[in-house]
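Engineer: One structure, as structure tokens, below. Some questions next.
There are 2 protein chains.
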Amino acid sequence: MFVGELPVPRIQFHRSLAELKDKLLAMAALSQQALDAALDGYFKSDASLCHYVYENEPAINSAERELDEMAYDLLAMQQPMAIDLRFILAVIKINSDLERIGDQSVNIARLTEAVLDEPKVELPVDIEAMGEFSVSMIRMAVQSLLEADTDLAERVLVMDDVIDDMNRKAHGALMKVMEAGSPAAMQALNALIIARNLERISDHATNIAEDVIFWVRGADVRHKLTTFSE
Amino acid sequence: MFVGELPVPRIQFHRSLAELKDKLLAMAALSQQALDAALDGYFKSDASLCHYVYENEPAINSAERELDEMAYDLLAMQQPMAIDLRFILAVIKINSDLERIGDQSVNIARLTEAVLDEPKVELPVDIEAMGEFSVSMIRMAVQSLLEADTDLAERVLVMDDVIDDMNRKAHGALMKVMEAGSPAAMQALNALIIARNLERISDHATNIAEDVIFWVRGADVRHKLTTFSE
Numbered sequence: 005m006f007v008g009e010l011p012v013p014r015i016q017f018h019r020s021l022a023e024l025k026d027k028l029l030a031m032a033a034l035s036q037q038a039l040d041a042a043l044d045g046y047f048k049s050d051a052s053l054c055h056y057v058y059e060n061e062p063a064i065n066s067a068e069r070e071l072d073e074m075a076y077d078l079l080a081m082q083q084p085m086a087i088d089l090r091f092i093l094a095v096i097k098i099n100s101d102l103e104r105i106g107d108q109s110v111n112i113a114r115l116t117e118a119v120l121d122e123p124k125v126e127l128p129v130d131i132e133a134m135g136e137f138s139v140s141m142i143r144m145a146v147q148s149l150l151e152a153d154t155d156l157a158e159r160v161l162v163m164d165d166v167i168d169d170m171n172r173k174a175h176g177a178l179m180k181v182m183e184a185g186s187p188a189a190m191q192a193l194n195a196l197i198i199a200r201n202l203e204r205i206s207d208h209a210t211n212i213a214e215d216v217i218f219w220v221r222g223a224d225v226r227h228k229l230t231t232f233s234e
Numbered sequence: 005m006f007v008g009e010l011p012v013p014r015i016q017f018h019r020s021l022a023e024l025k026d027k028l029l030a031m032a033a034l035s036q037q038a039l040d041a042a043l044d045g046y047f048k049s050d051a052s053l054c055h056y057v058y059e060n061e062p063a064i065n066s067a068e069r070e071l072d073e074m075a076y077d078l079l080a081m082q083q084p085m086a087i088d089l090r091f092i093l094a095v096i097k098i099n100s101d102l103e104r105i106g107d108q109s110v111n112i113a114r115l116t117e118a119v120l121d122e123p124k125v126e127l128p129v130d131i132e133a134m135g136e137f138s139v140s141m142i143r144m145a146v147q148s149l150l151e152a153d154t155d156l157a158e159r160v161l162v163m164d165d166v167i168d169d170m171n172r173k174a175h176g177a178l179m180k181v182m183e184a185g186s187p188a189a190m191q192a193l194n195a196l197i198i199a200r201n202l203e204r205i206s207d208h209a210t211n212i213a214e215d216v217i218f219w220v221r222g223a224d225v226r227h228k229l230t231t232f233s234e
């Protein structure tokens, strides 16, 4: 163990942090692509888009692992402090949220594929609006990460209630379709589960925004640690 | 910033790590209690158990925050290396999985309460078996953490396929109930979503087991980092 005896110059450390951030943004792009493809697949009833989502999941998983390793190595070798330490911890958490967005996108693709051959029916849910809302929450959360913009991150936090509400309404309306024993029951169920997936995706966007705030500000919610460690 | 100039003695650091582990085990107990209460509430159609789950969620959330802070402080002030660093990172991840188990338990309680007043019908799903299986996966994962037992952790990983399979079968069978337009459609839907929640809970148990392996062995899957940092 020679960490600390041979400290890598600060400038190289900061280059490594910038590289970590680039990798995280690339990871975010992969997750966003997966979600876009899953939603497009749903709207266009397009099996090839669903398959695209499945086929790209391994890439997301290995990007997650690679990022985790890099974050771990930086912690182990550089023993960063204060804002740098918070940044690396935020990366580890955001990384996991992005991977889960990938998982949720796979769920959406699977649910889409399950009803692909059925004649499309009108359902009392605006999956398109929910999808766009979730996509924009992720975009804003990633943007807040890119620019260390906590005001933007806070706007994401506020949006979470909107999608929760959309999901609740969708749930009630789709339940009625299913209770009526409609032949569209299966499509209604799948739409209901997709709505829940979108709501979960928004939760991950919210987590990302919270982690950006924690990184930049040392987070008010976690006030104990700022007095303790800085 | 005086970290490193005034190093806290190793013995105190190891005491802090033991304390962190105790706190994590207490957090695990809270999550396990929430899940037990949610499942009991489902089987006994007991609203007071559902309320118990809601009322205990804030305690889980604040335990999560407290643990995260403590882990952060240890990283910031002690700059741990190798197995100690891996332990603290594992704690941060396991903590988040335990909190999500609490969230899933709240979901189960909500779904239970939504059909509490309906006459109970026989459904083609063994939620009890799925529940017991998930509970035992968590118990084993927590035990593997307590004893740093990677063999036990590996047994958890294998169990994940079983519950995935149970969930898939439940999904198919319950879909048929819903498609038939049965008056039990709502109960069938809720059972279906509860089955999905239990499957997610098992995923969290699997994550915990993976983190235990990462902590103790430096994880084969992450072989790059072991050659790099040790």
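Chain order of the listed sequences is P and D. FYI, my numbering numbers position 115 of the first sequence as 119, with every residue one higher than the one before it. FYI, my numbering numbers position 40 of the second sequence as 44, with every residue one higher than the one before it. Note that CB positions come from ideal geometry on N, CA and C, so glycine has one too.
1) Would you call the segment 61-78 of chain D and the segment 122-138 of chain D touching, i.e. three or more CB-CB distances under 8 Å?
2) Closer than 7 Å by beta-carbon distance: list the chain D residues that pair up with A89/P, in chain order.
3) Within the same chain, show all residues whose beta-carbon is closer than 8 Å to that of A38/P, passing over the 5 residues directly before and after it, in chain order.
4) Looking at chain P, is there any beta carbon in it that lies within less than 9 Å of the beta carbon of P62/D?
5) When you compare only the Cα positions, how much space is there between I205/P and P13/D?
6) Does any C-beta atom of chain D lie closer than 9 Å to the C-beta of Y58/P?
7) For D77/P, which of helix, strand or coil comes out of DSSP?
8) Could you tell me whether the Cβ atoms of M179/P and M190/D are closer together than 9 Å?
9) Quick check: is the beta carbon of L10/P nearer than 9 Å to any beta carbon in chain D?
10) Between D121/P and L115/D, what straight-line distance do the alpha-carbon atoms span, to the nearest angstrom?
11) Comparing C-alpha positions only, which one of A32/P, A86/P, A177/P and K97/P sits nearest to Q147/P?
12) Report yes if the C-beta distance between L28/D and I98/D is below 9 Å; otherwise report no.
13) Any C-beta of chain P sitting closer than 9 Å to the C-beta of S233/D?
14) Roughly how many angstroms separate the alpha carbons of D155/P and D88/P, rounded to a whole number?
15) Between D153/D, D215/D and L71/D, which lies nearest to E23/D when the distance is taken from Cα to Cα?
16) Does R159/P come within less than 9 Å of chain D when only Cβ atoms are used?
17) Helix, strand or coil, according to DSSP, for E126/P in the structure here?
18) Since A145/P and I217/P are thought to touch, with beta carbons under 8 Å apart, how far apart are those beta carbons, to the nearest angstrom?
19) Below 8 Å on C-beta distance, what does L93/P contact in chain B?
20) Decide if R19/P is buried, meaning its Cβ has at least 16 other Cβ atoms within 10 Å, or exposed.
21) Between D165/P, L161/P and A192/P, which has its C-alpha nearest E126/P's C-alpha?
22) With distances taken from CA atoms, which of G185/D, A157/D, L196/D and L149/D is nearest N171/D?
23) I67/D touches chain P at which residues, Cβ-Cβ below 8 Å?
24) Could you give the residue range of the alpha helix (DSSP H) that holds V139/P?
25) What do you reckon, are the CB atoms on L53/D and D44/D nearer than 9 Å?
26) Between the C-alpha atoms of R200/P and Q16/D, what's the straight-line distance to the nearest angstrom?
27) Any beta carbon of chain D sitting closer than 9 Å to that of S242/P?
28) Measuring straight from C-alpha to C-alpha, what distance separates D215/P and D207/D?
29) Counting only Cβ pairs nearer than 9 Å, list the residues of chain P close to L24/D.
30) Quick one: is E136/D buried, meaning 16 or more other Cβ sit within 10 Å of its Cβ, or exposed?
Structural biologist: Inspection of the coordinates gives the following:
1) No: fewer than three Cβ pairs fall under 8 Å.
2) It is Leu, not Ala, that sits at residue 89/P in the sequence shown. Within 7 Å Cβ-Cβ: L79 and A80.
3) Cβ within range, chain order: V57, N60, E61, I64, I105, G106, S109 and V110.
4) For P62/D, the answer is no, since every Cβ of chain P falls outside 9 Å of its Cβ.
5) Between I205/P and P13/D, the C-alpha separation is close to 44 Å.
6) By this cut-off, Y58/P is not an interface position.
7) Correct three-state label for D77/P: helix.
8) Inclusion of M179/P and M190/D in the CB contact set at 9 Å is warranted, their separation being smaller than that value.
9) With a pLDDT of 49 at L10/P, under the threshold of 50, the modelled position of this residue cannot be trusted; read the value that follows with caution. Taking Cβ atoms only, chain D never reaches closer than 9 Å to L10/P, which makes this a no.
10) So the two alpha carbons sit approximately 30 Å from each other.
11) Relative to the Cα of Q147/P, the nearest Cα in the group A32/P, A86/P, A177/P and K97/P belongs to A32/P.
12) The answer is yes: Cβ separation under 9 Å.
13) Bear in mind that a pLDDT of 30 at S233/D, under 50, signals an unreliable position, so the number given afterwards is only what the model happens to contain. Closer than 9 Å: yes.
14) Approximately 20 Å, taken between the alpha carbons.
15) The shortest Cα separation from E23/D among D153/D, D215/D and L71/D belongs to L71/D.
16) No, because no Cβ of chain D sits closer than 9 Å to the Cβ of R159/P.
17) Under the three-state reduction of DSSP, E126/P is assigned to coil, being neither helix nor strand.
18) So it is not a contact: roughly 11 Å between Cβ atoms.
19) Absent here is chain B; the protein component of the structure consists of chains P and D.
20) By the neighbour-count rule (16 or more Cβ atoms within 10 Å), R19/P is not buried but exposed.
21) Selected option, being the one with the closest Cα: A192/P.
22) Relative to the Cα of N171/D, the nearest Cα in the group G185/D, A157/D, L196/D and L149/D belongs to L196/D.
23) Correcting the residue identity first, residue 67/D is Ala in this sequence and not Ile. The contacting residues do not exist; A67/D stays about 14 Å from chain P at best.
24) Run containing V139/P: I131 to E151, per the alpha helix (DSSP H) assignment.
25) Their beta carbons are under 9 Å apart, which means L53/D touches D44/D by this criterion.
26) R200/P and Q16/D have their C-alpha atoms some 46 Å from each other.
27) This structure does not reach residue 242/P, given that chain P is present from 5 up to 234, and the question cannot be answered.
28) Rounded to whole angstroms, D215/P to D207/D spans 23 Å at the Cα level.
29) Within 9 Å Cβ-Cβ: nothing; L24/D doesn't reach chain P, min ~14 Å.
30) Residue burial is scored here from C-beta neighbours: E136/D has fewer than 16 other C-beta atoms within 10 angstroms and is therefore classed as exposed.
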